[in-house]
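Asker:
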Amino acid sequence: MKRRKFLYLAAAASITPLLAQCNRRRSSLPLKSFPRFSSTSGLLDLSLTAQHSTDIKIGKQFAKRMTYNGHSPGPILEVQAGDTIRLTMANELGEPTNLHYHGLHISPEIDNVFREVSSGEAYTYEFQIPSNHPAVTGWYHPHYHLKVASQIFNGLAGPLIVRGKLDEIPEVQQAKEEVLVLQDFEPNFPDDEALSTLAKRWGREGSIQLVNGQQNPIIDLPQNGLLRLRLINASASRIYQLKLLEHPWFLIATDRGAIAEPQEIETLLLSPGERADLLIPGQIEPGDYGLLSLPYDRGLAEMIQGIGNHAKQVPGVALPAETTIATLRYVEGNRTSPLPLPKALIPVDRLPNPSTTREFLLNHGIDTTAGSNSFIINGQSFVMDRVNTQVQLNQVEDWHIINKASVDHPFHLHTNRFQVIERNGKPEPLLAWKDTVSVGGYESVKIRVRFEDYTGRTVYHCHILDHEDQGMMGIVEIV
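Reminder that position 153 of the sequence shown reads as 1227 in the working numbering, one-by-one numbering, no gaps.
What follows is the structure, given as structure tokens:
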């Protein structure tokens, strides 16, 4: 770590214990429940209205947010593999929008990010979840180009759960379950047109970190039981480095499904778009245990330090701060003996060797053909009708993602899942199914993907959503 970067983070850490203590004192409200729509007889039939709401309570204030059915985050959608979803979305935002089903393996003709649902109109998405779809924690959110960052930052996101074999494992089935949607928020945030160039270039962040729209809610942890947390990073730019203070927790699933066996972890890094499922055994000294969001440098430390106190006055630029985003509180359970962790989960078969290897260079730069001077992949910014990469159906490929910039660029591939094979030339220790991977400044990551089941055009992009809106996205055509 560079000395200036270390000093910057050390300074941030030195001033933030008071902030964390303030958050702990605010910890008095239980985690609020979501509206939930679950499939019945193999069908989930619902309507969502994307709208502005002025009565969303955050702490002691009311905020104007973009919502689904008046809620931010939006309702939980819950289905089984093989079910059909029929979702009618009405747009009352006053600007175009659409929906992306992040984490689902469905046809790009359905999960079509090029579709426009104009203001005042409605569109019905109808599709079947494949019968062999893995159990996943997914989410739905807008993906209308040039509006993605602003609409998600302003609150448009909701959980989408596909249940399957992981949920049928007895210990997992008996666990208490909570969905945690992680977002950040900034009071009195300017309209997108008035947002500073710095915030757009770096990726907007809010100074207030929220879990299900709340600051530091209390989550019940049953004594002798298991608590399952489904974590979704639904922030536009913020990367969370999470630690459960003085308490063990175990990873059981990543973006696209279960891992082979529970893995005890110290910290969990979640870049925008990533998800993780964890099990927490209620088997130590009863009490309160903080879920901390630790300061994380996305590669901006020296730049923020360079502008000094001015950074505090720039909406969308947030100084790193240790924050208690939730508190786990032991409550009396109905078990006299501890519920054990499962010994095994779902096997993860390693993908075979690739038939093709490609290289993707992520950088800042100018693409005169796109009229862009911001963000590029392989020298090109996003153009709506330009296919950047063509692949063959059922082909296995290695994609070498090389970040040539000093800032993080999390990489997301739509439609198909992948496995991370290497990071900075070294083998990745955990074999897991992913659709989003963190790529730090000057890092490289090799992913392996099989393009399965569906042909058509879809996209890959940086999931710092201001970067995506400013061109760091490409079209992949599966033929």
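Cβ atoms here follow ideal geometry from the backbone N, Cα and C, with glycine treated the same way.
This structure is a prediction, so every number in the text was calculated from the model and none was measured.
Under 8 Å by Cβ, that's how I've got Leu1353 and Ile1326 pegged, so tell me the actual separation to the nearest angstrom.
Answerer: For this step, residue 1353 is matched to residue 279 along the sequence shown. For this step, residue 1326 is matched to residue 252 along the sequence shown. Yes, Leu1353 and Ile1326 are in contact; Cβ-Cβ is about 5 Å, under 8 Å.
Asker: Would you list the residues sitting across from Gly1530 in a DSSP beta bridge?
Answerer: Mapped onto the sequence shown, residue 1530 falls at position 456. Per DSSP, Ile1552.
Asker: Cβ atoms of Val1253 and Thr1207: under 7 Å apart, would you say?
Answerer: Against the sequence shown, residue 1207 aligns to sequence position 133. Against the sequence shown, residue 1253 aligns to sequence position 179. In the sequence as displayed, the identity of residue 1207 is His instead of Thr. Contact: no.
Asker: Taking the beta carbon of Val1553 as the centre, do at least 16 other beta carbons fall within 10 Å, making it buried, or is it exposed?
Answerer: For this step, residue 1553 is matched to residue 479 along the sequence shown. Flag for Val1553 reads exposed.
Asker: May I ask you to list the residues that DSSP assigns as paired with Trp1323?
Answerer: The residue labelled residue 1323 in the question sits at position 249 within the sequence shown. Paired residues: none, contrary to the question.
Asker: Below 8 Å CB to CB, which residues in the same chain sit around Thr1374 once its five sequence neighbours on both sides are set aside?
Answerer: Within the sequence shown, numbered from 1, the residue matching residue 1374 stands at position 300. For the record, residue 1374 in the displayed sequence is Leu; it is not Thr. Taken in chain order, the residues that qualify are Trp1276, Val1481.
Asker: Is it right to say Arg1098 is buried, meaning 16 or more other beta carbons lie within 10 angstroms of its own, or is it exposed?
Answerer: Position 24 of the sequence shown, counted from the start, is the residue given in the question as residue 1098. Confidence in Arg1098 is poor, its pLDDT being 44 and thus under 50, which makes the residue's placement unreliable; the coordinate value appears in the next sentence. That one is exposed.
Asker: Below 8 Å on the Cβ atoms is my contact criterion, and I expect Thr1211 with Arg1349 to pass it. Report the Cβ-Cβ distance as a whole number of Å.
Answerer: Indexing the sequence shown from 1 puts residue 1211 at position 137. Indexing the sequence shown from 1 puts residue 1349 at position 275. At roughly 5 Å, the Cβ-Cβ gap stays under 8 Å, so Thr1211 and Arg1349 are in contact.
Asker: Residues in its own chain within less than 6 Å of Phe1080 by CB, not counting five upstream and five downstream?
Answerer: What you label residue 1080 is simply residue 6 of the sequence shown in a count that begins at 1. Legend: pLDDT at Phe1080 = 35, less than 50; position of this residue unreliable, value from coordinates given subsequently. Nothing meets the Cβ criterion.
Asker: Decide if the stretch 1508-1515 is in contact with the stretch 1472-1487; the criterion is three or more beta carbon pairs, one per stretch, under 8 Å apart.
Answerer: Short answer: they touch.
Asker: Per the DSSP calculation, Arg1304 is bridged to which residue(s)?
Answerer: Within the sequence shown, the letter at position 230 stands for residue 1304. BP columns for Arg1304 point to Val1253, Asp1351.
Asker: Does the Cβ-Cβ distance between His1537 and Met1546 come in under 7 Å?
Answerer: Sequence index remark: in the sequence shown, residue 1537 carries index 463 (1-based). Sequence index remark: in the sequence shown, residue 1546 carries index 472 (1-based). For His1537 and Met1546, no; Cβs fall outside 7 Å.
Asker: Check whether the stretch 1381-1392 and the stretch 1290-1309 touch, using three or more Cβ-Cβ pairs below 8 Å as the test.
Answerer: At 8 Å Cβ cutoff, the stretches do not touch.
Asker: Between the stretch 1145-1165 and the stretch 1107-1123, do three or more beta carbon pairs fall short of 8 Å?
Answerer: In short, these stretches touch, since the Cβ pair count reaches three.
Asker: Run through the stretch 1351-1414 for me and flag every whole beta strand (DSSP E) of 3 or more residues, listed as ranges in chain order.
Answerer: Within the stretch 1351-1414, the complete beta strand (DSSP E) runs of at least 3 residues are 1362-1368, 1397-1405.
Asker: Just reading off the beta strand (DSSP E) that Trp1473 is part of, what are its end residues?
Answerer: If you number the sequence shown from 1, residue 1473 lands on position 399. Unbroken beta strand (DSSP E) run through Trp1473: 1470-1477.
Asker: When the Cα atoms are used, what is the spatial distance from Asp1329 to Thr1141?
Answerer: Within the sequence shown, numbered from 1, the residue matching residue 1329 stands at position 255. Within the sequence shown, numbered from 1, the residue matching residue 1141 stands at position 67. Rounded to the nearest angstrom, the two C-alpha atoms are 24 Å apart.
Asker: Secondary structure at Ile1440, three-state DSSP: helix, strand or coil?
Answerer: Translated into the one-based positions of the sequence shown, residue 1440 becomes position 366. Looking at Ile1440 - three-state DSSP - the assignment turns out to be coil, as it is neither helix nor strand.
Asker: Would you identify the three-state DSSP class for Phe1227, choosing helix, strand or coil?
Answerer: On the sequence shown, position 153 is the one that residue 1227 refers to. DSSP places Phe1227 in helix when its eight states are reduced to three.
Asker: Taking the beta strand (DSSP E) that His1176 belongs to, which residues open and close that run?
Answerer: The residue labelled residue 1176 in the question sits at position 102 within the sequence shown. Note, His1176: beta strand (DSSP E), 1174-1176.
Asker: Against chain E, with Cβ distances strictly below 7 Å, would Val1457 count as a contact?
Answerer: This model lacks chain E altogether; it includes just one protein chain.
Asker: Compare the Cα-Cα distances from Pro1501 to each of Trp1507, Ile1521, Leu1487, Phe1485 and report the closest residue.
Answerer: The residue labelled residue 1501 in the question sits at position 427 within the sequence shown. If we check each option's Cα against that of Pro1501, Ile1521 comes out closest.
Asker: Please report how far the alpha carbon of Met1075 lies from the alpha carbon of Ile1292, in whole angstroms.
Answerer: Within the sequence shown, numbered from 1, the residue matching residue 1075 stands at position 1. Within the sequence shown, numbered from 1, the residue matching residue 1292 stands at position 218. Annotation note: pLDDT 40 at Met1075 (below 50); position unreliable, no value reported.
Asker: Less than 7 Å between the C-beta atoms of Gln1556 and Pro1412, yes or no?
Answerer: Only positions 1075 to 1553 of the chain appear in the structure, and residue 1556 is not among them; the question remains open.
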